[in-house]
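To start, the structure under review is shown below, and the notes come after it.
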Amino acid sequence: MHSRRLLESLFAAGFLIAALAGHDAHAADPTPRHGGTVVTVPGVGVAPPAAVNGLNPLLSSSLYNAQAAGLMYLGLLYIDRHLKIDYTRSVASGIQVSADRTVYTVTLHKRYRWSDGQPVTAEDVAYDYHMIEKLGPKFPNYGTGGIPTLVKSFEVLGPYRFRITLKRPVNADWFELDGLGLLMPLPKQTWEHYSVKTMFNHMVDPSFFQVVDGPFKLQSFVQGRYVSFVPNPKYTGPNPPYIDRLVLRFLNTPQAVFAALRTGAIQIGTLPRSLYPARAQLAALGTYEIKGLWGFNYMGFNYSNPNLTFIHDVRVRQAMMHAIDQPLLVKLEDFGMGQRDYGPVPVDPPTFLSPHARKMLDSKVYDPALADRLLDEAGWKRGPGGIREKDGHKLAFTLYVQAGRTRGPTLIAGMLAQVGIKLRLREKPFNSVIAEYTEPSNKQWQAVYLGWSLSTYPSAGTIFQTGGALNNYHYSDPKLDKLIDEVTRKSGLAPLYAFQDYMIKTQPVIFLPYSYKLVKYARNIHGIDKAFTPLGGFNPQYLWVSAK
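Going letter by letter, the sequence shown gives residues 1 to 548 in full-length UniProt numbering.
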């Protein structure tokens with residue numbers, strides 16, 4: 001995919017990949033035609049609806065923003081559904097790696113142009129890299145793939161070549177997919193004149209985003225309502241758009257998406273799982289099913305909250321894992337269309353899944369009797385009403401849940417109550433939760449019900465490593481830090497297997513099942529199977545509209 005893959009969290013969703021099984025979408029389409037407007041929502045096919053509130057790839061902190069920005073700015077690398085670099089669709093044309101795995105020389109295609117006519121060059125990639133350095137941890141993916149933390153030098157060798165020298169040898173697959181895969185050319189000739197403050201103040205200003213290299217350009221942004229795009233007439237990459245206009249409407253709930261699909265207010269949207277029984281109301285629409293999640297869903301905790309000290313005890317976290325009946329969650333919440341998951345490495349496709357993780361999927365993990373024993377061993381005894389207590393404190397916490405997505409958390413609350421854990425639910429808008437739990441000094445929030453999108457090589461270092469740029473949970477485990485470090489240093493899958501097996505054992509967050517996504521679309525919209533791409537990308541340039 002072309003867009004910078006944000007590793008920001010989102011509620012019960014993550015980037016999707018591979019295993020794309022369609023229904024109507026695989027029927028042979030007639031010859032594509034140009035023209036028409038497509039209306040959909042941010043996060044379609046990936047996440048519950050939410051608003052876009054920023055379009056600058058350097059400053060975007062949610063999947064919704066990244067998805068929109070990715071329409072205008074191309075990533076350095078295009079990762080295909082087999083987790084390989086496709087150089088025919090990448091800005092880069094090749095990568096040379098030194099024998100000691102410390103020097104990476106990248107060559108760019110010469111065909112790419114900015115919409116002002118200037119060529120896309122190595123200087124534009126260097127600008128992106130140096131801005132990441134300048135922003136530091138303010139950059140949402142700071143440290144991912146060793147960018148810029150492991151870089152010794154970044155040298156521009158010519159208009160279409162640059163070289164990155166690292167401070168030490170690394171796992172080359174990891175660095176290429178996650179490190180180089182993080183970079184994207186940005187229009188140095190215009191953006192170098194702006195301060196970071198100016199960029200922050202113009203996150204949705206169409207006049208700021210006039211110079212682009214992607215297939216679309218920003219047409220308008222109406223706060224609280226929609227953002228619209230039109231084709232970039234100067235686009236020089238493959239597969240220019242067929243449609244004349246793309247509109248992303250800001251709908252606040254899955255129920256609003258369902259209503260908009262039913263009335264025709266939008267042409268493409270994800271069928272909310274909670275409204276699956278009412279799917280007959282959308283029978284006139286086509287269906288495209290997405291199986292697979294390049295990420296994980298989970299309950300995450302604030303380890304810095306002084307009222308949540310019990311979560312530091314691994315036995316409490318293990319008890320939660322065994323108390324949650326994942327097969328029942330899939331049956332009741334996802335109507336059987338989902339997959340249980342107990343660790344940080346994606347299940348589908350199982351490219352990086354360890355033998356132990358595979359075995360877990362075939363094991364009886366749900367065991368409330370074992371959960372009871374673990375909590376007893378940890379010193380938590382049943383009190384009035386069945387809720388466990390220890391040293392005058394109740395085993396209870398509050399979970400932030402995105403508005404309209406309480407079905408799964410409500411089921412989980414009932415399961416935890418059976419073993420003496422009280423879970424309180426609090427609904428909040430998505431952006432409110434993101435703002436609250438990403439504030440480093442906030443020690444008040446207790447737990448969040450989220451999903452996490454992963455980089456292509458699923459090491460998750462920035463999330464769980466001590467001091468990681470996206471470790472908003474303040475989690476710290478020296479052994480885990482060492483295992484994550486070995487994933488990035490050593491070649492082969494053994495280090496990644498050791499990392500994920502330890503994560504399954506210790507459950508820093510409580511891993512949860514994920515659901516398949518059902519995308520509904522008007523039958524005069526074509527190219528759906530190409531528009532939804534590996535790792536959750538949305539490439540609407542493949543869409544086209546036929547006469548009704």
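Beta carbons are placed, not taken as given, at the ideal position from N, Cα and C, and that holds for glycine. Being a predicted model, the structure only gives us computed values, none of them experimental.
Which word fits residue i, buried or exposed, when buried means at least 16 other C-beta atoms lie within 10 angstroms of its C-beta?
i	result
residue 587	This structure cannot speak to residue 587, because the chain is shown only from 1 to 548.
residue 572	With the chain covering only 1 through 548, there is no way to say anything about residue 572.
Glu-176	buried
Val-97	exposed
Val-316	buried
Gln-223	exposed
Glu-333	buried
Leu-157	exposed
Gly-181	buried
Ser-48	Note on identity: in this sequence residue 48 is Pro, with Ser being the wrong assignment. Pro-48 is buried by the Cβ-count criterion.
Met-1	Confidence at Met-1 is low in this model, with a pLDDT of 48, below 50, so the placement of that residue should be treated as unreliable; the coordinate-derived value is given next. Looking at its Cβ environment, which holds 16 or more other Cβ atoms inside 10 Å, Met-1 is buried.
Pro-508	buried
Gln-281	exposed
Phe-296	buried
From residue i to residue j, what does the alpha carbon distance come to, in whole angstroms?
i	j	result
Asp-86	Ile-421	48 Å
Trp-114	Val-230	15 Å
Ala-284	Asn-524	11 Å
Tyr-389	Ala-396	The question names Tyr, but residue 389 in the sequence shown is Glu. Those two C-alpha atoms are separated by around 9 Å.
Arg-424	Ala-460	28 Å
Thr-165	Ser-153	5 Å
Asp-391	Tyr-475	24 Å
Val-125	Pro-119	12 Å
Lys-530	Gly-537	10 Å
Pro-540	Ala-319	44 Å
Val-347	Leu-353	6 Å
Gln-500	Phe-464	12 Å
Arg-81	Ser-93	18 Å
Val-330	Lys-234	46 Å
Trp-452	Gly-343	12 Å
Arg-382	Ala-371	13 Å
Arg-489	Met-321	31 Å
Leu-261	Pro-240	27 Å
Thr-351	Val-44	25 Å
His-202	Ser-195	11 Å
Pro-238	Phe-301	43 Å
Asp-78	Val-91	Here the sequence assigns Tyr to residue 78, which means Asp is not the residue at that position. If you take the alpha carbons of Tyr-78 and Val-91, they lie about 8 Å apart.
Thr-456	Glu-377	39 Å
Ala-69	Asp-205	12 Å
Leu-411	Pro-327	12 Å
I'd like the list of long-range same chain contacts for residue i, defined as Cβ closer than 6 Å, with 5 residues on each side in sequence excluded.
i	result
Asn-65	Val-52, Gly-54
Phe-258	Pro-272, Leu-275
Tyr-366	Asp-325
Thr-506	Val-314
Pro-148	Ile-132, Glu-133
Tyr-437	Trp-445, Val-448, Asn-472
Give me, in chain order, the residues of the same chain whose beta-carbon lies closer than 7 Å to that of residue i; leave out the 5 immediate sequence neighbours on both sides.
i	result
Arg-101	Pro-169, Val-170, Ala-172
Thr-40	Leu-248, Ile-266, Gln-267, Ile-268, Gly-269
Tyr-160	Thr-107, Leu-108, Lys-110, Thr-121, Ala-122
Asn-232	Ser-115, Val-212, Gly-214, Pro-215, Phe-216, Lys-217
Gln-189	Gln-118
Met-184	Arg-4, Pro-57, Tyr-73, Leu-74, Gly-75, Leu-76, Asp-128
residue 559	Lying outside 1 to 548, the shown extent of the chain, residue 559 is not represented and no answer is given.
Would you list the one or two residues that DSSP bridges to residue i?
i	result
Phe-538	Phe-532
Val-38	Leu-246
Asn-297	Gly-451, Leu-512
Gly-94	Thr-107
Ala-396	Lys-422
Trp-544	His-526
Gly-338	Ser-515
Phe-216	Pro-231
Val-156	Phe-162
Pro-119	Arg-113
Ile-434	Its beta-bridge partners do not exist; DSSP assigns none.
Could you check whether the Cβ of residue i sits closer than 7 Å to any heavy atom belonging to the ligand NAD?
i	result
Leu-353	Among the components modelled here there is no ligand, and therefore nothing to report on the ligand NAD.
Could you name the residues of the same chain whose beta carbon sits closer than 8 Å to that of residue i, not counting the 5 residues immediately before and after it, in chain order?
i	result
Gly-386	Ala-417, Gly-420
Thr-406	Leu-425, Glu-427
Asp-244	His-34, Gly-35, Gly-36, Thr-37, Val-230, Pro-231
Ala-547	Asn-524
Open item on the list: Would you call the stretch 132-150 in contact with the stretch 460-471, where contact means no fewer than 3 C-beta pairs closer than 8 Å?
Closed with: yes
Open item on the list: For the structure I just gave you, are there three or more beta carbon pairs, one from the stretch 332-339 and one from the stretch 418-437, closer than 8 Å?
Closed with: no
Open item on the list: Under 8 Å: do the stretch 67-74 and the stretch 211-228 share three or more Cβ pairs, one atom per stretch?
Closed with: yes
Task: the stretch 481-493 in contact with the stretch 362-380 per 3-pair CB rule at 8 Å - done: no
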